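So the protein sequences, as listed, match chains A and B. Be aware that the first sequence starts at 1, since it is given in my numbering, and climbs by one per residue. Be aware that the second sequence starts at 1, since it is given in my numbering, and climbs by one per residue. All C-beta atoms in this analysis are idealised placements derived from N, C-alpha and C, irrespective of residue type, glycine included. Small disclaimer: the values here were computed from a predicted structure and weren't measured.
There are 2 protein chains.
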Amino acid sequence: MAARMSDPLAPQSVGVDKLLLKLRVRDDVSALEEEVLRSIIEPPVAIASRSVVVKEGIPLERSALLVQGMLGRCKDMRDGQRQITEVHVPGDFADLHSFTLKRLDQDVVALNDCWISWVPHAALRAVTDTQPHLGRLLWLSTNLDAAIHRAWTVSLGRRDAPARLAHLLCELQVRLSVVGMADEDGYALPLTQVDLAECLGLTAVHVNRVLRQLREQGLATFRSGRVTIEDFKGLRRLAEFSTDYLFLDKRPR
Amino acid sequence: MAARMSDPLAPQSVGVDKLLLKLRVRDDVSALEEEVLRSIIEPPVAIASRSVVVKEGIPLERSALLVQGMLGRCKDMRDGQRQITEVHVPGDFADLHSFTLKRLDQDVVALNDCWISWVPHAALRAVTDTQPHLGRLLWLSTNLDAAIHRAWTVSLGRRDAPARLAHLLCELQVRLSVVGMADEDGYALPLTQVDLAECLGLTAVHVNRVLRQLREQGLATFRSGRVTIEDFKGLRRLAEFSTDYLFLDKRPR
DNA sequence: CGTACTATTGAGTCCGTTCAAACGGGGTGG
DNA sequence: CCACCCCGTTTGAACGGACTCAATAGTACG
Chain A
1 MAARMSDPLA PQSVGVDKLL LKLRVRDDVS ALEEEVLRSI IEPPVAIASR
51 SVVVKEGIPL ERSALLVQGM LGRCKDMRDG QRQITEVHVP GDFADLHSFT
101 LKRLDQDVVA LNDCWISWVP HAALRAVTDT QPHLGRLLWL STNLDAAIHR
151 AWTVSLGRRD APARLAHLLC ELQVRLSVVG MADEDGYALP LTQVDLAECL
201 GLTAVHVNRV LRQLREQGLA TFRSGRVTIE DFKGLRRLAE FSTDYLFLDK
251 RPR
Chain B
1 MAARMSDPLA PQSVGVDKLL LKLRVRDDVS ALEEEVLRSI IEPPVAIASR
51 SVVVKEGIPL ERSALLVQGM LGRCKDMRDG QRQITEVHVP GDFADLHSFT
101 LKRLDQDVVA LNDCWISWVP HAALRAVTDT QPHLGRLLWL STNLDAAIHR
151 AWTVSLGRRD APARLAHLLC ELQVRLSVVG MADEDGYALP LTQVDLAECL
201 GLTAVHVNRV LRQLREQGLA TFRSGRVTIE DFKGLRRLAE FSTDYLFLDK
251 RPR
């Protein structure tokens, strides 16, 4: 596994840092809570691109915090088709829901070379026992995933291919901004057109055509692993995108 | 509101009972925990068909437990299209995620005449403070919703219309069985073909054609508010349906 | 320097749509 | 009591967005 990683140096604590960035957009996290979080998160380990991080159905006793790279939740169909139901960015837990569910309904796979930190469920249980506010923040984090699922459901059900692709590009722009990994111009997106197709319920051939449309309309460009946003407002309008479902405001929980 | 309800008698405590059925499929609930749950759930109130129970974006301080009828989470698009992202059956919380998120990203609407019980967020916070195991069970309940969202995402992305419809009919059969509202023959489904279309990302016209297909293939019939399952195995095979994502096994959380 | 994966483009097909019309049942008001 | 209307359902015909099949480049890697 991980014969040759793009970045051979293990990022030391950036995983927790990005998680904290994500949580602090939504609520205050005290110094004590930060300390507790840091204490339960194991050192990052390298994951090779395309490997299965967590297999569907296996009993689990830990959850994965993504430190670097991108993970996807994938469902494979009998006929070889595949649907990705969420793309994870650094600072996300890829399978925090397994803390209550104890196994996954879908695989978690590495979309490129990644670093992840494991967090034992026993430690999470202790958090819910002794740090109820922090526990609610972790609960919140799984509810954000669910909100993203709902947004994708709406996209798949009611948006045509260009709007669907534009919506995904907008979502990633905002989510990566929260953890400091996007600027106004765009962001690194280490996916193939096949991956995008598997997120969007389309074929790779059609994703290619739709990418060309967005490019020719001066909205966005995706080339060699980088998304360049040329006209965010236009992209947003095309996708009927709103940040509401990402809950970027701070309220006491 | 609620000028004339199909059942004028308020169901007294069946809401909690169905919630307990649902939770006890997944984990043990102690007598004390049951008592705590009963104590925080308000008496049922009637909700008229088609009314908006919770509006997107409004600050919330309580969540709705569905006692009778069916609720849907709906997203309306600019052009008048609508996508339903989840259908709720009795025993479900329709918006328990608002406990951590404090507002909704989508409306909750009554698909027919309903009874719901409100649960104050203050009481839920007390549960997470003093009954951590019960708190984890409520967290579990929102994670089940997320698993259902993912299954719908897969349906919308990768199944054709007949398989998609069959999958929804299978899912409701199982979820209603858990709360004692379905038998092997089928179940009451108080939705219109328009509602089904809004769940499935299809048009009502096409839902009608696909329903005819399922009927002519001897798989299932939907008429006058009732689904009759003629061949569950066939339906299941067509939909590539598995109960895995509904987490029907009991494990300690 | 072959091999495999990714991206790109064209041509033809099909599933689900749009547009349109008709039917049926239940409630309402003249 | 009947006429009317509304809503949900049903069916037909034509359209179109996304797919399939196919072929070609480009690129990374062993």
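Which of helix, strand or coil DSSP assigns to residue i
| i | result |
| --- | --- |
| residue 75 of chain A | strand |
| residue 37 of chain B | helix |
| residue 111 of chain B | coil |
| residue 93 of chain B | strand |
| residue 245 of chain B | helix |
| residue 120 of chain B | strand |
| residue 195 of chain A | helix |
| residue 128 of chain A | helix |
| residue 209 of chain A | helix |
| residue 253 of chain A | coil |
| residue 103 of chain B | coil |
Residue burial classification, residue i (beta-carbon count within 10 angstroms, cutoff 16)
| i | result |
| --- | --- |
| residue 239 of chain A | buried |
| residue 171 of chain A | buried |
| residue 155 of chain A | buried |
| residue 252 of chain A | exposed |
| residue 151 of chain B | buried |
| residue 6 of chain B | Caution applies to residue 6 of chain B, whose pLDDT of 43 falls short of 50 and renders its modelled position unreliable; the value that the coordinates give is listed next. Exposed, since its Cβ has fewer than 16 Cβ neighbours within 10 Å. |
| residue 55 of chain A | exposed |
| residue 179 of chain B | buried |
| residue 243 of chain A | exposed |
| residue 22 of chain B | buried |
| residue 30 of chain A | exposed |
| residue 204 of chain A | exposed |
| residue 27 of chain B | buried |
| residue 3 of chain A | With a pLDDT of 37 at residue 3 of chain A, under the threshold of 50, the modelled position of this residue cannot be trusted, and the question is left open. |
| residue 249 of chain A | exposed |
| residue 122 of chain B | exposed |
| residue 113 of chain B | buried |
| residue 38 of chain B | exposed |
| residue 82 of chain B | buried |
| residue 233 of chain A | exposed |
| residue 183 of chain A | exposed |
| residue 92 of chain B | buried |
| residue 98 of chain A | buried |
| residue 107 of chain A | buried |
CB-CB length for residue i against residue j, believed under 8 Å
| i | j | result |
| --- | --- | --- |
| residue 214 of chain A | residue 165 of chain A | 7 Å |
| residue 254 of chain A | residue 146 of chain B | Nothing about residue 254 of chain A can be reported from this structure: the residues present for chain A run from 1 to 253 only. |
| residue 44 of chain B | residue 115 of chain B | 4 Å |
| residue 36 of chain A | residue 127 of chain A | 7 Å |
| residue 149 of chain A | residue 86 of chain A | 7 Å |
| residue 89 of chain B | residue 176 of chain B | 6 Å |
| residue 103 of chain A | residue 162 of chain A | About 37 Å separates the two Cβ atoms, so there is no contact after all. |
| residue 137 of chain A | residue 220 of chain A | With 8 Å as the limit, residue 137 of chain A and residue 220 of chain A do not qualify as a contact, their Cβ atoms being about 33 Å apart. |
| residue 105 of chain B | residue 245 of chain A | 4 Å |
| residue 211 of chain A | residue 222 of chain A | 6 Å |
| residue 196 of chain A | residue 226 of chain A | The Cβ separation is near 13 Å, so there is no contact. |
| residue 159 of chain B | residue 167 of chain B | 6 Å |
| residue 109 of chain A | residue 69 of chain A | The pair is not a contact, with the Cβ atoms about 11 Å apart (cut-off 8 Å). |
| residue 15 of chain A | residue 67 of chain A | 3 Å |
| residue 228 of chain B | residue 186 of chain B | 4 Å |
Proximal residues of chain A, C-beta to C-beta of residue i below 7 Å
| i | result |
| --- | --- |
| residue 154 of chain B | 75, 83 and 85 |
| residue 143 of chain B | 97, 100, 101 and 142 |
| residue 17 of chain B | Under the 7 Å cutoff, chain A gives no residues; its nearest Cβ is about 22 Å from residue 17 of chain B. |
| residue 251 of chain B | 102 |
Closer than 7 Å at the beta carbon, the chain B residues around residue i
| i | result |
| --- | --- |
| residue 115 of chain A | Those do not exist, as residue 115 of chain A stays about 25 Å from chain B at its closest Cβ, beyond 7 Å. |
| residue 88 of chain A | Within 7 Å Cβ-Cβ: nothing; residue 88 of chain A doesn't reach chain B, min ~13 Å. |
| residue 247 of chain A | 101 |
| residue 201 of chain A | 156, 157 and 158 |
| residue 175 of chain A | Neighbours of residue 175 of chain A on chain B: none; closest Cβ ~15 Å, over 7 Å. |
Under 9 Å from the C-beta of residue i: neighbouring residues of chain B
| i | result |
| --- | --- |
| residue 171 of chain A | Near residue 171 of chain A there are no residues of chain B at all, since even the closest Cβ is about 13 Å away, more than 9 Å. |
| residue 135 of chain A | 128, 132, 135, 136 and 139 |
| residue 184 of chain A | By Cβ distance, chain B contributes nothing, its closest Cβ being about 25 Å from residue 184 of chain A, past 9 Å. |
| residue 209 of chain A | Those do not exist, as residue 209 of chain A stays about 18 Å from chain B at its closest Cβ, beyond 9 Å. |
Contacts that residue i makes with chain B (C-beta to C-beta distance below 8 Å)
| i | result |
| --- | --- |
| residue 147 of chain A | 97, 101 and 105 |
| residue 44 of chain A | Within chain B, no residue comes near residue 44 of chain A; the closest Cβ sits about 25 Å away, beyond 8 Å. |
| residue 240 of chain A | 77 and 78 |
| residue 38 of chain A | Within 8 Å Cβ-Cβ: nothing; residue 38 of chain A doesn't reach chain B, min ~21 Å. |
Closer than 9 Å at the beta carbon, the chain A residues around residue i
| i | result |
| --- | --- |
| residue 244 of chain B | 56, 57, 103 and 105 |
Any non-hydrogen atom of the ligand HEM within 7 Å of residue i CB
| i | result |
| --- | --- |
| residue 108 of chain A | You won't find the ligand HEM in this model; it holds no ligand whatsoever. |
Partner residues on chain A for residue i, Cβ-Cβ distance less than 8 Å
| i | result |
| --- | --- |
| residue 61 of chain B | In chain order: nothing, as chain A lies at least about 11 Å away. |
| residue 223 of chain B | Within chain A, no residue comes near residue 223 of chain B; the closest Cβ sits about 25 Å away, beyond 8 Å. |
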